[in-house]
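Undergrad: In UniProt numbering, the protein residues as written are 1 to 223.
No residue lacks a Cβ here, since even glycine has one placed at the ideal position from N, Cα and C.
Since this is a predicted model, take the numbers as computed values, not measurements.
1. Alpha carbons only, please: which of 86, 87, 115 is nearest the one belonging to residue 98?
2. At what residues does the alpha helix (DSSP H) containing residue 34 begin and finish?
3. In angstroms, rounded to a whole number, what distance separates the CA positions of residue 48 and residue 127?
4. Quick one: what's got a C-beta closer than 8 angstroms to residue 168's C-beta in the same chain, skipping five residues either side?
5. Among 214, 207, 102, whose alpha-carbon lies nearest the alpha-carbon of residue 187?
6. Given residue 183, which residues of its chain have a CB within under 8 angstroms of its CB, disregarding the five upstream and five downstream residues?
7. If you run the structure through DSSP and keep just helix, strand and coil, what is residue 157?
8. Can you check which of these residues, 36, 185, 101, 66, is closest to residue 82 by C-alpha distance?
9. Suppose the cutoff is 7 angstroms on Cβ atoms and the five residues either side in sequence are ignored; what does the same chain contact list for residue 209 look like?
10. Tell me the DSSP secondary structure of residue 138 in three-state form.
11. Which same chain residues end up closer than 8 angstroms to residue 176 when comparing Cβ atoms and leaving out the 5 residues on each side of it in sequence?
12. Could you tell me the alpha carbon to alpha carbon distance between residue 38 and residue 122, rounded to whole angstroms?
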């Protein structure tokens, strides 16, 4: 019988990130962490990151950078999980090949057959987990696309609001200028035509109406 292939040695599959397979977070203080433990650890972190992103997305005032950060972290962990899985599958294929090469020459055919069955079963389980991981990855990518679309829509609304504020400010400036013109006209009428009280009263009414519009626009801008 050939010796069993040792568990995969952790490698950095995410050079740009802080948490890698070779970092202390995924080591076992001198003892090697098994592929199963690593994949379970990464899957738990993926679920936690997705939960955090969903929680933030449901908030009344979602913080998009934080949501995107959690989603990116989930995608990073899925890639690390995939890396461990691919190495595990490669080792399973190697072990199966070794068993096939030894089959005809081994005196312990029954034991080898049982061992081969276990390897095949475990391999099938790993394939099932990989399929679930792929489904999860697609869902994460889809959610990320939805968040990007929501962010773009929010930016458009903010730009529209900014333009509306500018237009309201311009309208207020026009009304302020008109009010100043009315003030000057009213002063001129009071000095030049003291007998024409009705004209002065009408000018005062126009001035008051203009002032009310200025106040309304000012309140809208402050709101």
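TA: From the atom records:
1. What you label residue 98 is simply residue 98 of the chain shown in a count that begins at 1. The option with the nearest alpha carbon to residue 98 is 115.
2. For the purposes of this step, residue 34 is taken as the residue at position 34 of the chain shown. Element bounds for residue 34: n/a, residue is neither H nor E.
3. Against the chain shown, residue 48 aligns to sequence position 48. Against the chain shown, residue 127 aligns to sequence position 127. Distance between the alpha carbons of residue 48 and residue 127 is about 23 angstroms.
4. Here residue 168 refers to the residue found at position 168 when the chain shown is read from its first residue. These residues qualify, in order along the chain: 217, 220, 221.
5. On the chain shown, residue 187 is found 187 positions in, with the first residue counted as 1. Residue 207 is the option with its Cα nearest to residue 187.
6. By 1-based counting over the chain shown, the position of residue 183 is 183. The residues are 207.
7. Taking the first residue of the chain shown as position 1, residue 157 is located at position 157. Reduced to three states, the DSSP call for residue 157 is helix.
8. Residue numbering aside, residue 82 sits at position 82 when the chain shown is read from its first letter. When each option's Cα is compared against that of residue 82, the closest is 36.
9. Reading the chain shown from its first residue, position 209 is the one you call residue 209. Hits under 7 angstroms: none found.
10. Here residue 138 is taken as the residue at index 138 of the chain shown, counted from 1. Residue 138 falls in the helix class under three-state DSSP.
11. Stepping through the chain shown from its first residue, residue 176 is reached at position 176. Non-local C-beta neighbours of residue 176 in its own chain, meaning closer than 8 angstroms and more than five positions away in sequence, comprise 214, ordered along the chain.
12. The count along the chain shown starts at 1 and reaches residue 38 at position 38. The count along the chain shown starts at 1 and reaches residue 122 at position 122. When rounded, the distance between both Cα atoms is 16 angstroms.
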